[in-house]
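Take a look at the structure below.
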Amino acid sequence: MQPTIKIAIQKKGHLRDESINFLNLLGFNFDTTQKTLSTTCSDTGIEIIFLRDDDIPKYINKGLVDFGIIGKDIIEEKREAIKITRPLGFSKCKLVIAVPENNNTKNILFLENKTIATSYPNILRKYLKEKNIYSQVVYISGSVEIAPRLKLSDLICDITQTGTSLKENKLKIIDTILESEAVLIESPFKNLEKQKFLKLIEIYENTTSS
21 MQPTIKIAIQ KKGHLRDESI NFLNLLGFNF DTTQKTLSTT CSDTGIEIIF LRDDDIPKYI
81 NKGLVDFGII GKDIIEEKRE AIKITRPLGF SKCKLVIAVP ENNNTKNILF LENKTIATSY
141 PNILRKYLKE KNIYSQVVYI SGSVEIAPRL KLSDLICDIT QTGTSLKENK LKIIDTILES
201 EAVLIESPFK NLEKQKFLKL IEIYENTTSS
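Quick note: the sequence shown uses the numbering used here, first residue 21, plus one each step.
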């Protein structure tokens with residue numbers, strides 16, 4: 021069966037798991053036990069493509085997939101022109117500024133002339149510019165919480181869901197930059213089957229909210 025529509029989701033992590041759960045709730049069931057980069061729903065022909073989260077917008081804009089499920093934070097960071105069709109209400113998290121817990125500051129002016137480690141340099145630089153604060157931004161791709169302990173930075177800017185990892189690394193939040201959640205993004209190219217999928221989401225949301 022030829023795929024009716026193609027949906028890109030994150031290939032690993034909690035957003036992958038929550039995206040699969042969401043699609044299951046819509047009535048789509050897939051074999052996700054195999055370590056493949058795609059899987060197809062046999063009764064509907066919908067194909068799921070597993071990609072790196074920051075690659076999903078590129079595939080969407082080129083029309084290689086019809087929909088993508090991705091964190092709003094990735095859209096904001098990549099700054100690509102992309103159509104966000106709707107928020108999905110799961111994988112909620114925050115992009116925050118966090119300092120060592122022994123730091124008594126409660127004022128973001130503390131950031132002036134400090135070094136901040138982050139995986140979100142574009143969002144952070146925009147925030148600092150809006151606040152008229154000069155700081156040195158250090159990009160690291162992961163394990164951001166360890167940066168102050170290793171003297172790589174004075175503080176961090178990172179994503180958190182529960183705050184547990186921050187507490188474990190003796191960090192505390194002093195400001196929230198961005199509230200994020202999973203969003204559905206859509207290719208600009210037409211596909212008649214896309215409306216059927218969007219209708220299923222609408223029906224599901226109406227059912228769960230009533």
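Think of the CB as a built atom: it goes at the ideal place given N, C-alpha and C, for glycine as much as any other residue.
Computed from a prediction, not measured in an experiment: that's the story for all the values here.
Please classify residue i as buried or exposed, where buried requires at least 16 other C-beta atoms within 10 Å of its C-beta.
| i | result |
| --- | --- |
| G162 | exposed |
| N189 | buried |
| P208 | exposed |
| E222 | exposed |
May I ask you to list the residues that DSSP assigns as paired with residue i?
| i | result |
| --- | --- |
| V85 | Partner(s): none; V85 has no beta bridge. |
| R106 | L204 |
| T59 | I68 |
| K210 | Note: K210 sits in no beta bridge, so no partner. |
| I29 | F70 |
| P120 | L191 |
Under 8 Å by Cβ, that's how I've got residue i and residue j pegged, so tell me the actual separation to the nearest angstrom.
| i | j | result |
| --- | --- | --- |
| E201 | L144 | Not a contact, Cβ separation roughly 20 Å. |
| K192 | E121 | 5 Å |
Taking the alpha-carbon of residue i as reference, which of the options has the nearest alpha-carbon?
| i | options | result |
| --- | --- | --- |
| D73 | T64, G83, G88, I66 | G88 |
| T53 | L45, I176, S155, K32 | K32 |
| K55 | L46, I68, Y147 | I68 |
| K82 | T135, I176, N133, K26 | K26 |
| L172 | N123, V158, S185 | V158 |
Identify, in the order they occur along the chain, each residue of the same chain with its Cβ nearer than 7 Å to the Cβ of residue i, setting aside the five sequence neighbours on each side.
| i | result |
| --- | --- |
| K151 | I128 |
Taking 6 Å as the limit between beta carbons, can you name the residues of its chain near residue i, skipping five residues before and five after?
| i | result |
| --- | --- |
| F100 | The question names Phe, but residue 100 is Glu in the sequence shown. Once the five neighbours on either side are set aside, the close Cβ partners of E100 are P77. |
| M21 | With a pLDDT of 48 at M21, under the threshold of 50, the modelled position of this residue cannot be trusted; read the value that follows with caution. Result list for M21: G65, in chain order. |
Beta-carbon within less than 8 Å of residue i's beta-carbon, same chain only, minus the 5 sequence neighbours each way: which residues are those?
| i | result |
| --- | --- |
| Y154 | E132, N133, L148 |
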